[in-house]
Amino acid sequence: MHEAPDVSDVAPNSARVAVIGGGPAGLMAAETIAASGVPVDLYDAMPSVGRKFLLAGKGGMNLTHAEPADAFRSRYGARADRIAPLLDGFGPDDLRAWVHDLGIDTFVGSSQRVFPTDMKAAPLLRAWLKRLREQGVHFHMRHRWLGWDEQNKLRFVTPEGERTMRADAVVLALGGGSWARLGSDGAWLPLLQEQGIASAPLQPANCGFDVPWSAHFRERFAGQPVKAVSAGCHDTDGKLPQRQGEFVISDTGIEGSLVYALSAPLREQINREGHATLTLDLAPDRSAERVLAEVGHPRGSRSLSSHLQSRVGIAGVKAGLLREVLDKETFNDVAALAAAIKALPLRLAATRPIDEAISSAGGVRFESLDAQLMAQAMPGVFCAGEMLDWEAPTGGYLLTACFATGRAAGRGVIDWLARGK
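Set out below in structure tokens:
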């Protein structure tokens, strides 16, 4: 093992800060600190930074959302009270202004989601890295963090072997537990727990769910979208929040935007009860009374399938879902069939593995941090990004909070150093 130069020996009157993690939260923390004139060393285990950021932008880089502030903050669920003050410091409007300052234009889509004009993540990241290098941020790739040694120095394993580094302050922005191939593997969890920094177990968020399809249904419908439906599930208060959209039938169950939007309450129901029920309205544009009237309309010599298609618009994968879930007796009962079309109970067996999820829940508990995201058990150590215990749906909410927590941690470091630690 060889030790990096002790910064106190190199520049006795200058602090040195380490940022560990090269995603949006880490890069934002590095920019905030470097802009104050403090040297920053940024470490990442991967060969390059921003890998998950780039992959998330392949389908169109959804930066943030343009809905009103109260609605925006509500997207963070149980952690809205913790995220709201961070958004006050760097919210959606601040993020758009920051992107524009990098020379990237944005627009608001019909869904109120905000995108770069070219829809791409790479030009934004290139401009950002150029600015960071100009500010003096030093990048150290292929440096996997191993925790601290006996002298409280940071330990890294590198292609050249293990090395250590002493820092006056540290920002940890290590990501959650999803997409491990891009660097977010949750390996930091026990390292922080050993230091007395409390964390909640990592769980999949914005994820798909397992459904034990019959072989016939899977072979016929896997890969097909289920469009123009609404769905809901009971939350811990017993309410049944409904959302409209679409999802996809997979080989193992269901996935897609409508499912992801309900993944938190569905996952918590599975945690409590061992399974969850997703209630589907297959005809959201028709009232229950109208569906009952249409299903009960005399069908003459037509088959039931033809009748449902012509009267209620139920065909294809929607008809397949009815056949998959309901028994024969229900199909012979007009009232029960109509009720099922408006509230089809789909039983979910489990979440898909966390590594398949778009994001993760759990992580460093806010209760173990101060208002500036510094660990109470380790003064001078700050945490930011998806490794914190919060979650949000897709739609720009995840990325905005990562930027906001990175900015807050960076400002926390500046204040910490100004106080003389």
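Residues in the sequence shown are numbered consecutively from 1, following full-length UniProt numbering. Ideal placement from N, C-alpha and C gives every residue a C-beta, glycine not left out.
Distance cut-off 7 Å: residue i Cβ against heavy atoms of the ligand MG
{"i": "Leu-55", "result": "You won't find the ligand MG in this model; it holds no ligand whatsoever."}
First and last residue of the uninterrupted beta strand (DSSP E) at residue i
{"i": "Tyr-43", "result": "40 to 43"}
{"i": "Glu-162", "result": "161 to 165"}
{"i": "Gly-363", "result": "359 to 364"}
{"i": "Gln-203", "result": "199 to 205"}
{"i": "Ala-276", "result": "276 to 281"}
{"i": "Gly-147", "result": "144 to 148"}
{"i": "Leu-27", "result": "Unbroken run through Leu-27 is the alpha helix (DSSP H), 24 to 34; no beta strand (DSSP E)."}
Bridge partners - residue i, DSSP secondary structure assignment
{"i": "Asp-210", "result": "Gly-253 and Ala-350"}
{"i": "Gln-242", "result": "Gly-232"}
{"i": "Val-381", "result": "Val-170"}
CA-to-CA distance, residue j to residue i, given in whole angstroms
{"i": "Glu-31", "j": "Leu-132", "result": "6 Å"}
{"i": "Gly-109", "j": "Ala-409", "result": "31 Å"}
{"i": "Ala-375", "j": "Ile-249", "result": "43 Å"}
{"i": "Ala-66", "j": "Phe-403", "result": "16 Å"}
{"i": "Leu-344", "j": "Thr-394", "result": "25 Å"}
{"i": "Gly-50", "j": "Leu-322", "result": "43 Å"}
{"i": "Val-171", "j": "Cys-233", "result": "38 Å"}
{"i": "Leu-280", "j": "Asp-88", "result": "37 Å"}
{"i": "Ala-15", "j": "Gly-223", "result": "54 Å"}
{"i": "Arg-144", "j": "Arg-163", "result": "10 Å"}
{"i": "Leu-417", "j": "Pro-241", "result": "46 Å"}
{"i": "Lys-318", "j": "Leu-63", "result": "33 Å"}
{"i": "Met-61", "j": "Gln-135", "result": "25 Å"}
{"i": "Ile-83", "j": "Ala-228", "result": "32 Å"}
Three-state secondary structure assigned by DSSP to residue i
{"i": "Gln-372", "result": "coil"}
{"i": "Val-49", "result": "coil"}
{"i": "Pro-116", "result": "strand"}
{"i": "Gly-396", "result": "coil"}
{"i": "Trp-390", "result": "coil"}
{"i": "Asp-101", "result": "helix"}
{"i": "His-234", "result": "coil"}
{"i": "Glu-67", "result": "coil"}
{"i": "Ala-288", "result": "helix"}
Opening and closing residue of the alpha helix (DSSP H) in which residue i lies
{"i": "His-140", "result": "Unbroken run through His-140 is the beta strand (DSSP E), 137 to 140; no alpha helix (DSSP H)."}
{"i": "Ser-14", "result": "That residue, Ser-14, is in no alpha helix (DSSP H); it is neither H nor E in DSSP."}
{"i": "Gln-269", "result": "263 to 273"}
{"i": "Gly-89", "result": "80 to 89"}
{"i": "Ala-169", "result": "Per DSSP, Ala-169 belongs to no alpha helix (DSSP H); it is in the beta strand (DSSP E), 169 to 172."}
{"i": "Leu-154", "result": "Note, Leu-154: premise wrong, no alpha helix (DSSP H); beta strand (DSSP E) at 154 to 158."}
{"i": "Ala-180", "result": "Here Ala-180 belongs to no alpha helix (DSSP H), and DSSP marks it neither H nor E."}
Anticipated Cβ contact below 8 Å, residue i with residue j, distance rounded
{"i": "Gly-176", "j": "Leu-202", "result": "6 Å"}
{"i": "Glu-246", "j": "Pro-225", "result": "5 Å"}
{"i": "Trp-179", "j": "Asp-355", "result": "7 Å"}
{"i": "Ala-25", "j": "Ala-384", "result": "4 Å"}
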